[in-house]
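Q:
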Amino acid sequence: MSEDSESAPDFPLCDTLILTAVSSELDALSQQCKQFGISFKKRHHPFLGSYYDLGLIGFENVIAVRSRSMGPLGYGGSAELASRFQRATGATSVIQLGMAFGMEESTQQIGDVLVSTEVIPYDHRHYRDALSENGYLVNYDSATRMNAAEKTVNALRQFRIEEPASDYNVYFGAILSGAAIVHSSAFRDELVRLVPAGNHRIVGGEMEGIGLLGVTKHPIWCVVKGISDFADANRDRIIEESREIACRNASHFLLSSMTSSNPVTAAEHS
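Numbering that gives the first Met the number 0 puts the sequence shown at residues 0 to 269.
(1) So, under 8 Å CB-CB, A173 and T116 are touching, yes? Tell me the CB distance rounded to an integer number of Å.
(2) If we count Cβ pairs, one from each stretch, closer than 8 Å, do we get three or more for the segment 122–139 versus the segment 54–66?
(3) Quick one: using the 10 Å Cβ neighbour count with 16 as the cut-off for buried, is E205 buried or exposed?
(4) For A147 versus V222, is the C-beta spacing smaller than 8 Å?
(5) Tell me which same chain residues have a C-beta within less than 7 Å of the C-beta of L80, skipping the five on either side of it?
(6) CA-CA distance, N225 and L113?
(7) Out of F84, N133, R187, D128, which one is the CA nearest neighbour of D231?
(8) Could you check which residue in E207, D235, S259 has the C-alpha nearest to that of P163?
(9) According to DSSP, what are the bridge partners of F100?
(10) Quick check for students: name the residue ranges of the beta strand (DSSP E) that lie wholly in the segment 120–154, counting only runs of 3 or more.
(11) Excluding sequence positions up to five away, which residues of its chain have a Cβ less than 7 Å from the Cβ of R136?
(12) Use the C-beta contact count for K40: other C-beta atoms within 10 angstroms, 16 or more gives buried, fewer gives exposed.
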């Protein structure tokens with residue numbers, strides 16, 4: 000290296016990495032940080048790009064980042080973004096934060112919060128020719144349920160038990176995740192019916208969690224999202240209002256836990 004060469008700037012280090020996918024998710028996090036008195040400073044790194052420094056929350060240094068588009072695919076999708084930032088920052092906890100679709104409109108409400116105990120990657124499916132109406136059959140047996148970070152889930156669950164008061168419910172369970180944009184209750188119900196059964200009931204679905212599965216060998220991730228719709232024909236009619244409620248409540252629940260006496264990410268060091 001010549002004497003004129005400049006050393007590469009240091010990567011920002013953090014304990015917890017929060018990922019968002021769209022502007023409404025990032026905006027809600029920013030607004031909730033203001034409510035909690037948490038900093039939300041935009042930074043830029045020449046290799047990583049833009050990110051947001053939330054400083055020290057509880058015992059953890061926290062960084063947030065937004066992907067370039069919804070879903071796991073492409074440069075800046077959740078898969079690439081999570082891997083790039085986790086390796087650079089050394090984060091030991093990765094939270095996918097934002098909005099998701101719910102499963103049971105009779106029991107769940109817009110704004111209720113979902114926490115993944117598992118992610119079901121439903122894109123892992125087989126299509127085979129068959130004498131059926133559409134000429135093929137779909138088999139979801141390969142959509143193996145993948146466990147979320149147990150310590151993070153347990154800490155969030157314990158926080159909810161100790162401080163249950165809020166204007167939203169919190170559901171812990173399996174979350175469907177794939178690259179498809181689902182606005183079809185028939186497809187939603189097909190997924191629930193055909194993916195492998197498990198001990199944890201399916202509480203909702205979304206698009207980014209599947210991108211976290213390859214970040215590390217052992218799971219350090221968890222999905223925390225508010226219900227914005229039920230993946231049905233009503234979605235487009237309600238989404239402008241419901242997405243704000245969903246994103247706000249998800250951010251509120253996560254930050255409430257992180258700023259409590261038993262913060263969510265502190266469990267990683269126990």
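Positions of the beta carbon are idealized from the N, C-alpha and C atoms, including for glycine. Note that the structure is predicted; figures quoted are calculated from it, not measured.
A: Reading off the structure:
(1) Counting from 1 along the sequence shown, the entry for residue 173 is found at position 174. Counting from 1 along the sequence shown, the entry for residue 116 is found at position 117. With a Cβ gap of about 6 Å, A173 and T116 count as contacting.
(2) No, because fewer than three Cβ pairs between the segment 122–139 and the segment 54–66 fall closer than 8 Å, the two stretches do not touch.
(3) Here residue 205 refers to the residue found at position 206 when the sequence shown is read from its first residue. With 16 or more other Cβ atoms within 10 Å, it is buried.
(4) For the purposes of this step, residue 147 is taken as the residue at position 148 of the sequence shown. For the purposes of this step, residue 222 is taken as the residue at position 223 of the sequence shown. Contact annotation: A147 and V222 have beta-carbon atoms nearer than 8 Å.
(5) If you number the sequence shown from 1, residue 80 lands on position 81. The answer, listed in chain order, is L18, V64, S66.
(6) Position 226 of the sequence shown, counted from the first residue, corresponds to residue 225. Position 114 of the sequence shown, counted from the first residue, corresponds to residue 113. For clarity, residue 225 is Gly in the given sequence; the question names Asn instead. So the two alpha carbons sit approximately 6 Å from each other.
(7) In the sequence shown, the residue the question calls residue 231 occupies position 232. Nearest option by C-alpha distance: R187.
(8) For this step, residue 163 is matched to residue 164 along the sequence shown. Cα-wise, what sits closest to P163 is S259.
(9) Numbered from 1 along the sequence shown, position 101 holds the residue referred to as residue 100. G204, D228.
(10) Every unbroken stretch of the beta strand (DSSP E) spanning 3 or more residues and falling wholly within the segment 120–154 is given here in chain order: 125–128, 135–138.
(11) Here residue 136 refers to the residue found at position 137 of the sequence shown. Correcting the residue type first, residue 136 is Leu in the shown sequence and not Arg. Within the same chain, L136 has close Cβ partners R127, A129.
(12) Here residue 40 refers to the residue found at position 41 of the sequence shown. Classification of K40: exposed, given that the 10 Å Cβ count is below 16.
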